[in-house]
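Right, one structure below, let's go through it.
In the numbering used here, the protein residues as written are 22 to 77.
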């Protein structure tokens with residue numbers, strides 16, 4: 022059974038992931054391909070780790 026507080030965390034987590042993915046995608050439009058890809062992947066990895074932390 023999911024508690025109401027867990028639903029709030031899930032909603033925030035999904036929104037956070039969406040925002041980070043959007044930011045990461047915009048970095049792919051940057052001029053320096055190596056930098057933009059590295060930063061984008063770091064953003065995605067950080068967001069996913071945050072989601073795992075919220076659900077433990």
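We treat Cβ as the ideally placed atom computed from N, Cα and C, and that holds for glycine.
Only counting the same chain, and skipping five residues up and downstream in sequence, which positions put a Cβ closer than 7 Å to that of residue i?
i	result
residue 68	37, 38 and 41
Among the options, whose alpha-carbon lies nearest the alpha-carbon of residue i?
i	options	result
residue 45	73, 57, 71 and 70	57
Ignore the nearest five residues each way along the sequence and tell me which others in residue i's own chain have a CB closer than 8 Å to its CB.
i	result
residue 65	41, 42 and 45
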